[in-house]
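Novice:
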Amino acid sequence: MVKSSLTPFRQRCPTPTPADHTAQLALAVADEVYLRSLLTDSLPPLAQPHEVGAMAIQVGVPLRDHPQYSIDGVLTFEHIHCVLAGSGPEVPPLPEFQTHTEYQSVTHCHSDLTTLAENVAPSEAVALLTRAGFTSDHIRQILQLPPQAWHHSWWYALGPEGFLTVPFQRHIRSRCFGDGTFTLQFKDDYAQDRPHGFRSQSQAIPVMVHQDSLSFGENLTRLNRARRELNTSQALLMATDLPELEIEGYLRQAVSLSNPRGIQRPLTAHCRLCHRELCPLHGVDASPVMVCRSFLPADAVP
């Protein structure tokens with residue numbers, strides 16, 4: 096009988112191996128450096144280093160729709176979409192414009208007014224603005240604004256390449272009420288694409304440990320079940336060693352791999368740009384190959 100990868104997963108209940116237990120334990124006791132590396136060093140990366148804020152991991156999470164199964168780990172992180180100019184060494188300083196026309200070109204679109212926080216305690220308002228990168232002086236100015244006044248600041252959003260390069264201007268105002276609470280609101284002036292949220296959004300990524308006793312299709316079923324549970328298109332598979340064909344299969348199914356041993360970078364292949372002349376796909380523009388251990392880019396040719 097031909098073994099099909101579509102065989103229902105419930106027919107095979109793999110017994111976790113010592114390696115599986117080790118990977119799960121590593122997730123349970125992981126520090127921030129390790130968790131960050133799972134996101135930024137995976138293949139392909141789930142996020143760039145400057146996009147990752149606070150992180151947390153939950154291990155052995157039962158599936159609501161299938162309580163007999165569980166996710167090895169759920170990695171929740173703060174996905175940063177825009178940052179305050181000059182708020183860190185990796186963030187560009189205030190943009191400079193030589194003419195008023197240059198300024199207008201990056202601020203000609205205007206967003207609607209959005210409420211950032213409503214009737215919050217002063218300590219919560221201060222904490223929120225501090226996390227956004229404002230200094231204590233700026234926070235004091237924002238919280239002491241007259242009713243019709245606005246605080247103006249420059250921010251950077253992610254550009255097409257995923258880096259913080261697109262400037263936009265943000266206007267923030269505060270309202271203080273008799274009970275001592277504050278309401279914070281903001282609106283943006285931008286060039287073309289409206290900034291995505293105030294600063295960041297929480298994102299949950301399912302993390303699965305590769306089961307060697309299961310086929311490619313069965314492991315992928317586990318991943319897809321976890322993705323559906325968390326309503327996300329992303330997933331991370333932890334594996335110590337995988338055949339090249341399986342690596343390419345997972346990549347084509349939008350699964351990121353946690354640096355499995357045996358993978359040698361560079362992995363992202365482009366046959367038209369490869370200088371491995373003896374390869375039958377050398378120079379082929381429409382090659383289906385996505386990863387290749389023999390990929391030889393131009394800068395690697397002596």
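Take the position in the sequence shown, starting the count at 1, then add 95; the result is the number in this note's numbering.
Even glycine gets a Cβ: it sits at the ideal position worked out from N, Cα and C.
These numbers were taken from a predicted model, which means no experiment stands behind them.
Based on Cα-Cα distance, which residue from P157, A216, E173 and I267 lies nearest to D167?
Specialist: Cα-wise, what sits closest to D167 is P157.
Novice: Based on the DSSP secondary-structure assignment, which residues constitute the bridge partners of C72?
Specialist: Beyond the ends of the chain as shown, which are 96 and 397, falls residue 72; an answer cannot be given.
Novice: Locate the beta strand (DSSP E) running through Y285, then write down its first and last residues.
Specialist: Y285 -> beta strand (DSSP E) spans F277 to Y285.
Novice: Can you confirm whether the region 195 to 203 touches the region 223 to 238 when touching is taken to mean that 3 or more C-beta pairs between the two stretches lie within less than 8 angstroms?
Specialist: No contact exists between the region 223 to 238 and the region 195 to 203.
Novice: Would you check if the region 329 to 346 and the region 290 to 310 touch, i.e. whether three or more CB-CB distances between them fall below 8 angstroms?
Specialist: Contact between the region 290 to 310 and the region 329 to 346 is present, because at least three Cβ pairs lie under 8 angstroms.
Novice: Decide yes or no for the touch test of the region 170 to 190 against the region 284 to 303: beta carbon pairs closer than 8 angstroms, at least 3 of them.
Specialist: Because the criterion of three Cβ pairs below 8 angstroms is met, the region 170 to 190 and the region 284 to 303 touch.
Novice: Unbroken alpha helix (DSSP H) runs of length 4 or more, entirely within the region 116 to 143: which are they?
Specialist: Those alpha helix (DSSP H) runs which fall completely within the region 116 to 143 and span 4+ residues are 127 to 135.
Novice: Do you know how far the Cα of R235 is from the Cα of N214?
Specialist: Rounded to the nearest angstrom, the two C-alpha atoms are 17 angstroms apart.
Novice: For R270, write down the residues that DSSP places opposite it in a beta bridge.
Specialist: Bridge partners of R270: T278.
Novice: Label D160 either buried or exposed according to how many other C-beta atoms from any shown protein chain fall within 10 Å of its C-beta, with 16 as the threshold for buried.
Specialist: Exposed, by the Cβ-count rule.
Novice: Under the rule that 16 or more other beta-carbon atoms within 10 Å means buried, what is A149, buried or exposed?
Specialist: Exposed, by the Cβ-count rule.
Novice: Got a sec? Which residues, its chain only, sit under 8 angstroms from A349 by beta carbon, not counting five neighbours each side?
Specialist: Cβ within range, chain order: S328, Q329 and A330.
Novice: When DSSP labels each residue in this structure, what does S295 get in the three-state scheme?
Specialist: Reduced to three states, the DSSP call for S295 is strand.
Novice: Can you tell me which of P162, P139, V169 and Q163 puts its alpha carbon nearest to the alpha carbon of A123?
Specialist: Answer by Cα proximity: V169.
Novice: Counting along the chain, where does the alpha helix (DSSP H) carrying Q243 start and finish?
Specialist: Here Q243 belongs to no alpha helix (DSSP H), and DSSP marks it neither H nor E.
Novice: Quick check on the DSSP output: the alpha helix (DSSP H) that includes F311 runs from which residue to which?
Specialist: Start and end: F311 to L325.
Novice: Name, in chain order, the residues that DSSP records as bridge partners for P255.
Specialist: Note: P255 sits in no beta bridge, so no partner.
Novice: Assuming A299 contacts T171 (C-beta within less than 8 angstroms), just tell me the rounded distance between them.
Specialist: The Cβ separation is near 5 angstroms, so the contact holds.
Novice: Looking only at C-alpha atoms, which of V261, S218 and Q163 sits nearest to Y251?
Specialist: Of the listed residues, the one whose Cα sits closest to Y251 is V261.
Novice: Measuring alpha carbon to alpha carbon, tell me which residue in P217, R131 and G344 is nearest L279.
Specialist: Among P217, R131 and G344, the Cα nearest to that of L279 is on P217.
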